[in-house]
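J.:
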Amino acid sequence: MSSGTQSAPHWEPCNRDEIGEMVSGLRRKRTVRTAARASIAAAAILIAVAVPFAAVNALRHNPLIAGIRCDEVRESLDLYIASDLSAEKSDQITAHLEKCPPCRSLFESKIGGGEPEISNALFPAERPIFAVRQPISNLSYW
Numbered sequence: 034m035s036s037g038t039q040s041a042p043h044w045e046p047c048n049r050d051e052i053g054e055m056v057s058g059l060r061r062k063r064t065v066r067t068a069a070r071a072s073i074a075a076a077a078i079l080i081a082v083a084v085p086f087a088a089v090n091a092l093r094h095n096p097l098i099a100g101i102r103c104d105e106v107r108e109s110l111d112l113y114i115a116s117d118l119s120a121e122k123s124d125q126i127t128a129h130l131e132k133c134p135p136c137r138s139l140f141e142s143k144i145g146g147g148e149p150e151i152s153n154a155l156f157p158a159e160r161p162i163f164a165v166r167q168p169i170s171n172l173s174y175w
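Residues 34 to 175 in this note's numbering are what the sequence shown lists, from first letter to last.
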């Protein structure tokens, strides 16, 4: 049987700077945890501000004019120029182009009202080789 007395726990002295290292480690962990929380909060605020701003900005640069948006007009412009669209869609694009300066300038540049292209006059066609060879072949060799 055991006696009624319990022995006291055995304590050993700490190594030099052991407690200081533990305190430093705990401080580092707390700093990292605080920085992570601050980063999450900053990201949440940034998202909360950026998403509505981007949505408003997208609507501003792609407005609905005459029942059709600018991006749809830009996609259909080549077909509109070639008259390959339905009458209803063609009428929508015509009305849109009358009221939307950016789309109208794109349309004008596509049909030739924009910047002039380099003319073929700057680069004349090559002379045909037979025009040079024919007089040479008619020469007599003595």
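Here a beta-carbon is modelled for each residue, glycine too, at the ideal position from N, C-alpha and C.
Using the C-alpha atoms, what's the distance from Ile98 back to Ser116?
T.: Going from the Cα of Ser116 to the Cα of Ile98 covers about 20 Å.
J.: Do you know offhand how far His129's Cα is from Gly145's?
T.: If you take the alpha carbons of His129 and Gly145, they lie about 19 Å apart.
J.: For the pair the stretch 100-107 and the stretch 56-76, tell me if three or more CB-CB distances fall below 8 Å.
T.: The answer is no - the stretch 56-76 does not touch the stretch 100-107, with fewer than three Cβ pairs under 8 Å.
J.: Please classify Phe86: is it buried, with 16 or more other beta-carbons within 10 angstroms of its beta-carbon, or exposed?
T.: Burial call: exposed.
J.: Could you pull out every residue in the same chain whose Cβ sits closer than 7 Å to the Cβ of Ile114, ignoring the five residues on either side in sequence?
T.: Contacts found: Lys143 and Ile144.
J.: What residues match up with Ile101 in a beta bridge as DSSP calls it?
T.: According to DSSP, which records beta bridges pairwise, Ile101 is partnered with Ile98.
J.: Looking at the unbroken alpha helix (DSSP H) that takes in Ala120, where does it start and where does it end?
T.: Ala120 to Lys132 is the span of the alpha helix (DSSP H), which, as asked, contains Ala120.
J.: State the Cα-Cα distance for the pair Ala120 and Asn90, rounded to the nearest angstrom.
T.: So the two alpha carbons sit approximately 31 Å from each other.
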